[in-house]
Structure formats: C-alpha cells, structure tokens
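In the UniProt record's numbering, the protein residues as written are 1 to 297.
Every residue, glycine too, gets a C-beta built ideally from N, C-alpha and C.
Accompanying notes for the structure given below.
Encoded structure:
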C-alpha cells in the first residue's frame, strides 16, 4: 500500500472534498482523483463515494488504520533522522497545559543556567499533539498529564521507540464556583458528581471519558465544550458556573473558584515525561532534572 496514496485518501475524507484535499496537499484535483482510483485498484474495492464525498464501508474500515499507519511511518523517519541530525544547543519541549507547573519551570531554569547557549522553545499543546510531536521529531521531549491510581502509569498509546518516565503525582481536585453547594466541602467523591454538569475540555482538564473509565460508571454529562489549551479561559467558565472541571489541586487553587480535593476513588493527577530512545544532550539533561526532582504532592 503506497503511503502517498494513503495520505491523499485521509486528506480527502478529512476535508470531505477532493478540491480541498488537493489544496491542502499541494496537488491538482486530477492528481487527487488519480491517487484515490489507484488506491481503490490496489485494494480491489471502492473506498470513497464521490457525491457527496464520504467513505464507503471499506473506506471507513481503512480510516480506522490509516492515521496510525501514517504516524508510524513518520515516527520511523524521525527516529532515523535523529541519528544524524542532532542540535546540541536546541531544545523543544511540548507540554499539555496542566503538565507545566513550577517544578518543571524550575528544571528549565536550572538547565539554562548550565547549558550555554540554549535555544529553548516551549509549546503548549493538547495531549495527543504532545505525543505526536515527540514521536515525529517536532519536539525533543514531551510532558503529558492525566489521572491514574497512585504509582500507576498513564494509559498512553503505543509510543514505539520512546522512553516514558514519571515526573510528578499531585492531588486531584474539582474546580467549583464559590457559590456551589459543595464549594465549602473539605473533599468530594467523584461518584457523587456523576450527574453534575461538567465542562468537556479534553485538552486542559481531565477528559470526561477518562473520569467515566476510572469511576467505572456512566455520567459526567457535558454542559458546554471547551476546545484549546487556555487554562484561564476554562477556569473562567468553571467559576462562572458553566460546569465542573477536574484539575491538579496546586494548579486549580491558583485559578479562582473553589478547588476541592477528590477523596474517592483514590486517584492522583500524574505527569509523565516522554522522550525518544536516543534523546539529544539537552533533552537528556532536562529529563534528569525533572525526574530527579519528581515529587508527590
């Protein structure tokens, strides 16, 4: 299966348009049509309905595999490139919003004091984008956060030739508006909040499907959706009463509103560091600084 044809197939279905896919890929519309026809001939079945553009049953099945296949090809290319193209004075760190706290910032300061010169870039991304940036070489090191039982690793996807290390475990909290009936509690149980109204903010707060999984119960209905990596925007919505959000306690306590620790189930907000199997010198130094200062709060 030609990966160039597969990329065109994904672009057509992502854009639901042959012309839009052609524009995004830098091809002519005729070339895109030829790519789809060649892929269909290779697999012996029709994959895309033309009017309107939509996947056939076979195309829908292929779309379940295509993004992961293309990502692994990009990962392999980046892994080989790292063997020959290292930048000993450059470091790109990708972080999910709730993963970059004071301890990480202090580790970066320590690194800059010892590594001269250092061209440092910090990117705030959603969790999946952080992992993809590390795997494809756009970032030297990544920090992702989530919720887990104490000392349990986060449920991350297959990361190929990478290393994952614990960076920190913190108390998990729910952010309430000050006038909420539970805002004066010393702690809360997530199972008591399954029918409360929540903010669906998968790139900033703990995703609601993850709360359902760890509580092993349906519920946590979203009242509104928040997209992006703006923690202060999320906090403004939560403290104005638009819905609840689960965040690490040290962070939630700085955002306004009432940050109430989660008592049950026994969970922690966990931060993990991800880097390639052959990290650059600055990435290895920063990983040592972060994991050496890993704390449980």
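Going by DSSP, what residue range makes up the beta strand (DSSP E) through residue i?
| i | result |
| --- | --- |
| residue 161 | From DSSP, residue 161 is part of no beta strand (DSSP E); its letter is neither H nor E. |
| residue 147 | 141-148 |
| residue 3 | Careful: residue 3 lies outside any beta strand (DSSP E), inside the alpha helix (DSSP H) at 3-15. |
| residue 217 | Careful: residue 217 lies outside any beta strand (DSSP E) and carries neither H nor E. |
| residue 199 | 198-200 |
| residue 225 | 222-225 |
Quick one: is residue i buried, meaning 16 or more other Cβ sit within 10 Å of its Cβ, or exposed?
| i | result |
| --- | --- |
| residue 54 | exposed |
| residue 277 | exposed |
| residue 59 | buried |
| residue 259 | buried |
| residue 139 | buried |
| residue 92 | buried |
| residue 227 | exposed |
| residue 180 | buried |
| residue 204 | buried |
| residue 101 | buried |
What does a CB cutoff of less than 7 Å around residue i pick up in its chain, not counting 5 residues either side in sequence?
| i | result |
| --- | --- |
| residue 296 | Unreliable positioning characterises residue 296 in this predicted model, as indicated by a pLDDT of 41, which lies under 50. A coordinate reading is not provided. |
| residue 210 | 146 and 147 |
| residue 309 | Residue numbering for the chain in the displayed model covers 1 to 297; residue 309 lies beyond these limits and cannot be assessed. |
| residue 266 | 149 and 150 |
| residue 223 | 197, 198, 199, 242 and 243 |
| residue 69 | 6 |
| residue 317 | Shown here, the chain extends from 1 to 297; a query on residue 317 therefore has no answer. |
What residue does the alpha helix (DSSP H) around residue i start on, and which one ends it?
| i | result |
| --- | --- |
| residue 282 | 281-292 |
| residue 42 | 29-43 |
| residue 134 | 127-135 |
| residue 23 | 18-25 |
| residue 235 | 231-239 |
Taking 6 Å as the cut-off, is the C-beta of residue i nearer than that to any heavy atom in the ligand ATP?
| i | result |
| --- | --- |
| residue 284 | Inclusion of the ligand ATP in the displayed structure is not the case, the ligand content being empty and no account of it being possible. |
Near residue i, what residues of its chain come up, given a Cβ to Cβ distance below 8 Å and the 5 sequence neighbours on each side ignored?
| i | result |
| --- | --- |
| residue 142 | 93, 94, 95, 130, 131, 133, 134, 273, 274 and 275 |
| residue 162 | 134, 135, 274, 275, 276 and 277 |
| residue 47 | 9, 36, 39, 40, 55, 56, 58, 59 and 62 |
| residue 28 | 22 |
If you drop the 5 nearest sequence neighbours on each side, which residues of the same chain put their C-beta closer than 6 Å to that of residue i?
| i | result |
| --- | --- |
| residue 127 | 96 and 144 |
| residue 239 | 177, 256 and 257 |
| residue 32 | 8, 18, 21 and 22 |
Start-end ranges of the beta strand (DSSP E) lying completely within the segment 81-122, minimum 3 residues: Taking only runs of at least 3 residues, the beta strand (DSSP E) segments lying wholly in the segment 81-122 are 90-95.
At least 3 beta-carbon pairs within less than 8 Å: the segment 1-18 vs the segment 26-41: The segment 1-18 vs the segment 26-41: in contact.
Contiguous beta strand (DSSP E) assignments of at least 3 residues, all confined to the segment 243-272: DSSP assignment within the segment 243-272 yields the following whole beta strand (DSSP E) runs of 3 residues or more, N-terminal first: 245-248 and 258-264.
At least 3 beta-carbon pairs within less than 8 Å: the segment 233-240 vs the segment 156-163: Not touching, per the Cβ criterion.
Contact the segment 266-284 vs the segment 88-105: 3+ CB pairs below 8 Å: When Cβ pairs closer than 8 Å are counted between the two stretches, the segment 266-284 is seen to touch the segment 88-105, the count reaching three or more.
Given 8 Å, three or more beta-carbon pairs between the segment 164-182 and the segment 280-291: Contact between the segment 164-182 and the segment 280-291 is established, with three or more Cβ pairs separated by less than 8 Å.
The segment 111-121 in contact with the segment 247-266 per 3-pair CB rule at 8 Å: Pairwise C-beta distances place the segment 111-121 out of contact with the segment 247-266, as fewer than three of them are shorter than 8 Å.
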